[in-house]
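Novice: Have a look at this one.
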Amino acid sequence: MEHIKGKNAIITGASRGIGKALALKLAQNGVNVLLAARNQTTLDATVKEIKEKAGDTVKVLGLSADVGKLEDLQKLSELALKEFSAIDILINNAGVSSQYPFEKQPLEDIENLVHTNYLGYVRLIRLVIPHMIERKQGAIINMVSGSTLVDPVPRTFVTYSSLKVGLRAFLKGLFWEMRDHGIKITSILPGVVDTDLTDKLENITQEQKDRLMSADAVVDMVMFALSVPQNTCPLELAVINQQTPWTKPIIDYQQKQAK
Ligand SMILES: NC(=O)c1ccc[n+]([C@@H]2O[C@H](COP(=O)([O-])OP(=O)(O)OC[C@H]3O[C@@H](n4cnc5c(N)ncnc54)[C@H](OP(=O)(O)O)[C@@H]3O)[C@@H](O)[C@H]2O)c1
1230 MEHIKGKNAI
1240 ITGASRGIGK
1250 ALALKLAQNG
1260 VNVLLAARNQ
1270 TTLDATVKEI
1280 KEKAGDTVKV
1290 LGLSADVGKL
1300 EDLQKLSELA
1310 LKEFSAIDIL
1320 INNAGVSSQY
1330 PFEKQPLEDI
1340 ENLVHTNYLG
1350 YVRLIRLVIP
1360 HMIERKQGAI
1370 INMVSGSTLV
1380 DPVPRTFVTY
1390 SSLKVGLRAF
1400 LKGLFWEMRD
1410 HGIKITSILP
1420 GVVDTDLTDK
1430 LENITQEQKD
1440 RLMSADAVVD
1450 MVMFALSVPQ
1460 NTCPLELAVI
1470 NQQTPWTKPI
1480 IDYQQKQAK
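Using the working numbering, the letters of the sequence shown map in sequence onto residues 1230 to 1488.
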């Protein structure tokens, strides 16, 4: 992984789950990392853990930031430029999930999904991309979702999944705009990963949980995306659960209610 040594990365949603696993892997491979998440205590604990595991040769920083707030995203990109002087890698990963029949979904929940899972990604890219264009290089890797491969999007996940579909479409379009500037845009489409996010699916059985993929499978995809030659770009990478009776990335809402 010599090719990424000494590079600088912003990773959102990096205090837990996929983002944390990514931050650790990058830091262990010599990448300076700036981690963002809302909860200061969890973030501090993660930064400390990664510092201990990655050693003194890399910078490991944390900023408590809500990706749903424009001013927090501005602070995040400014801090990265101040501390690292260049941003080589942006990993847009922070996300929330919720499961409702649409008529029961609280309006605030819809707004939160839009601000976190869609606007949070688009705005941070908009803030960072002029800098990348100036340097004629950069990799922007985005945690989308395997649920975008299901058409129509899964019941009770309509808001979550359709925003991810929109995000995927945005990123595909952006890829064409950015390729001439030397900037890579990649969408990662994970299946169901064993994290706090999927813990919320209450009626999942232990056997099903044991079959979920670990965050490491997603980390491997991101490391692959960062390893391809400069003149190629992995536009979309999907890794979907294998050998599970739970073939769709959803739990039936009625089933959940009945529990
Ligand atoms: N797990 C899956 O099965 C799965 C499948 C497909 C796609 N994904 C996507 O992968 C990404 C990561 O999911 P995960 O499973 O790792 O989730 P997770 O374990 O719940 O972790 C989410 C991370 O994002 C942070 N976060 C949440 N809202 C935020 C906000 N508004 N601003 C800043 N940080 C925020 C959380 O910290 P705070 O709460 O402290 O902010 C945490 O660090 C998400 O975009 C998700 O949609 C996950």
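C-beta: ideal position from N, C-alpha, C; glycine also. Note that this is a predicted model, so its numbers are computed, not measured.
In the DSSP output, which residue or residues are listed as bridge partners for Lys-1291?
Specialist: By one-based count along the sequence shown, residue 1291 stands at place 62. The identity of residue 1291 in the sequence shown is Gly, whereas the question assumes Lys. According to DSSP, Gly-1291 bridges with Leu-1264.
Novice: In this structure, how does DSSP classify Lys-1236 when only helix, strand and coil are distinguished?
Specialist: Against the sequence shown, residue 1236 aligns to sequence position 7. Note: Lys-1236 maps to coil in three-state DSSP.
Novice: Hey, is Leu-1255 close to ligand 1, as in C-beta under 7 Å from one of its heavy atoms?
Specialist: If you number the sequence shown from 1, residue 1255 lands on position 26. Flag unset: Cβ of Leu-1255 not near ligand 1.
Novice: With distances taken between CB atoms, is the gap from Tyr-1347 to Leu-1396 smaller than 8 Å?
Specialist: Taking the sequence shown and counting its residues from 1, one reaches residue 1347 at position 118. Taking the sequence shown and counting its residues from 1, one reaches residue 1396 at position 167. Yes; because the gap between Cβ atoms is below 8 Å, this pair is in contact.
Novice: With a cut-off of 8 Å, do at least 3 Cβ pairs link the segment 1332-1344 to the segment 1231-1242?
Specialist: The segment 1332-1344 vs the segment 1231-1242: no contact.
Novice: Alpha carbons only, please: which of Ile-1412, Ala-1266, Ile-1240 is nearest the one belonging to Lys-1254?
Specialist: Within the sequence shown, the letter at position 25 stands for residue 1254. Considering only alpha carbons, the answer is Ile-1240.
Novice: Indicate the three-state DSSP secondary structure (helix, strand or coil) for Gly-1411 in the structure shown.
Specialist: One-based indexing of the sequence shown puts residue 1411 at position 182. It is coil, neither helix nor strand.
Novice: For the beta strand (DSSP E) containing Asn-1321, name the first residue and the last one.
Specialist: As a position in the sequence shown, residue 1321 is number 92, starting the count at 1. Looking at the DSSP string, the run of the beta strand (DSSP E) that includes Asn-1321 is 1318-1321.
Novice: In its own chain, which residues sit with a C-beta less than 8 Å from the C-beta of Ser-1293, not counting the 5 before and 5 after it?
Specialist: Numbered from its first residue, the sequence shown carries residue 1293 at position 64. Cβ within range, chain order: Ala-1265, Ala-1266, Arg-1267, Asn-1268, Gln-1269, Leu-1272.
Novice: Val-1451 by DSSP, collapsed to three states: which one?
Specialist: The sequence position of residue 1451 within the sequence shown is 222, counting from 1. Correct three-state label for Val-1451: helix.
Novice: Could you give the DSSP three-state label for Met-1442: helix, strand or coil?
Specialist: Here residue 1442 corresponds to residue number 213 of the sequence shown, with the count starting at 1. Note: Met-1442 maps to strand in three-state DSSP.
Novice: Return helix, strand or coil for Val-1468, following the three-state DSSP convention.
Specialist: If you number the sequence shown from 1, residue 1468 lands on position 239. Strand, per DSSP.
Novice: Which one or two residues does DSSP pair with Asn-1371 in a beta bridge?
Specialist: For this step, residue 1371 is matched to residue 142 along the sequence shown. Asn-1321, Ser-1416, per the DSSP bridge assignment.
Novice: For the segment 1246-1260 against the segment 1277-1285, do three or more pairs of beta-carbon atoms, one drawn from each stretch, fall closer than 8 Å, so that the two count as touching?
Specialist: Counting Cβ pairs under 8 Å, three or more are found: they touch.
Novice: So, for Val-1287: in the same chain, excluding its five sequence neighbours on each side, which residues have a beta-carbon less than 8 Å away from its beta-carbon?
Specialist: Taking the sequence shown and counting its residues from 1, the one referred to as residue 1287 is at position 58. Counting only Cβ-Cβ distances below 8 Å, and skipping sequence neighbours, we find Ala-1256, Gly-1259, Val-1260, Asn-1261, Val-1262.
Novice: State yes or no: is the C-beta of Cys-1462 within less than 8 Å of the C-beta of Phe-1404?
Specialist: The residue you call residue 1462 lines up with position 233 of the sequence shown. The residue you call residue 1404 lines up with position 175 of the sequence shown. Closer than 8 Å, so yes.
Novice: Am I right that Met-1442 and Asp-1428 are in contact with their C-beta atoms under 8 Å? What's the rounded C-beta distance?
Specialist: As a working mapping, residue 1442 is identified with position 213 in the sequence shown. As a working mapping, residue 1428 is identified with position 199 in the sequence shown. Rounded, the Cβ-Cβ distance is 15 Å, inconsistent with contact.
Novice: Can you tell me whether Asp-1273 is helix, strand or coil according to DSSP?
Specialist: Stepping through the sequence shown from its first residue, residue 1273 is reached at position 44. Note: Asp-1273 maps to helix in three-state DSSP.
Novice: Grouping DSSP H, G and I as helix and E and B as strand, with all else coil, what is Val-1296?
Specialist: Here residue 1296 is taken as the residue at index 67 of the sequence shown, counted from 1. Looking at Val-1296 - three-state DSSP - the assignment turns out to be coil, as it is neither helix nor strand.
Novice: Would you say the beta carbon of Gly-1247 is closer than 7 Å to some non-hydrogen atom of ligand 1?
Specialist: Taking the sequence shown and counting its residues from 1, the one referred to as residue 1247 is at position 18. It should be pointed out that residue 1247 corresponds to Ile in this sequence rather than to Gly. Because some heavy atom of ligand 1 lies under 7 Å away, the Cβ of Ile-1247 counts as near it: yes.
Novice: To the nearest angstrom, report how far apart Lys-1393 and Met-1452 are at their CA atoms.
Specialist: The sequence position of residue 1393 within the sequence shown is 164, counting from 1. The sequence position of residue 1452 within the sequence shown is 223, counting from 1. Roughly 22 Å between the two C-alpha positions.
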